[in-house]
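See below for the structure under consideration.
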Amino acid sequence: MATERTLSIIKPDATRRNLTGRINAALEDAGLRIVAQRRTRLTQAQAEAFYAVHRERPFFRGLVEFMTSGPVVVQVLEGESAVAKNREVMGATDPKKAAAGTIRAQFAEDIEANSVHGSDSPENAAIEIGFFFGQVDIVG
Ligand code: CMP
């Protein structure tokens, strides 16, 4: 097991409902450390670039529209196996399939407004962290 970093995004449905603190508590309770964090509003170009791998998917336009509909909180999480740990705490993409007690089971509205994003591999985590943060922004 190794210490890793992963990118997390608290999505507009969650910031709108003032859930940032409760989501952060769930992440910290799971042993993840928030080593960088910024509240921001994604531009259309940023959302399209961040989700470029999904460009051909039928839900792409809706996803970009949703992710630019309000503030997000982008954050870097650090811990043992942080990528897998964060995905465990988040729960399945579709909240109907998310295990009880996970962030998405507790807070997500539907598969699109699903409250949080987490990198799906250490390789993508490095790319996604670099999308939002420089080395000087991350304080471990
Ligand atoms: P996220 O982890 O941010 O990565 C891609 C996002 O696309 C995903 O969470 C969902 O919010 C969204 N998504 C995935 N599948 C669907 C779908 N079938 N319909 C709508 N949105 C989806």
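Counting in my numbering, the sequence shown tops out at residue 255, every number present. For each residue, glycine too, the CB sits at the ideal point set by N, CA and C. Keep in mind it's a predicted model, so treat the numbers as computed, not measured.
Pair within 9 Å by beta-carbon distance, residue i and residue j
i	j	result
ALA223	GLY245	no
LEU192	LEU147	yes
ILE125	SER230	yes
PRO237	THR118	no
PHE165	GLU243	yes
PHE247	ARG153	yes
Supposed contact pair residue j and residue i - C-beta distance, whole angstroms, cut 8 Å
i	j	result
GLN190	ILE149	5 Å
THR183	LEU157	5 Å
PRO127	PHE181	7 Å
LYS200	ALA145	6 Å
VAL204	LEU142	6 Å
ALA240	VAL198	5 Å
According to DSSP, residues forming a beta bridge with residue i
i	result
ALA167	Beta-bridge pairing links ALA167 to no other residue.
GLN190	SER123, GLN152
THR135	Answer is none; THR135 lacks a bridge partner.
GLY233	SER123
THR118	GLU195
heavy atom of the ligand CMP below 8 Å from residue i C-beta
i	result
GLY206	no
ASN239	no
LYS126	yes
ASN201	no
Could you please go through the chain and list the residues whose beta-carbon is closer than 5 Å to any non-hydrogen atom of the ligand CMP? PHE174, LEU178, ILE226, GLU227, ASN229, HIS232
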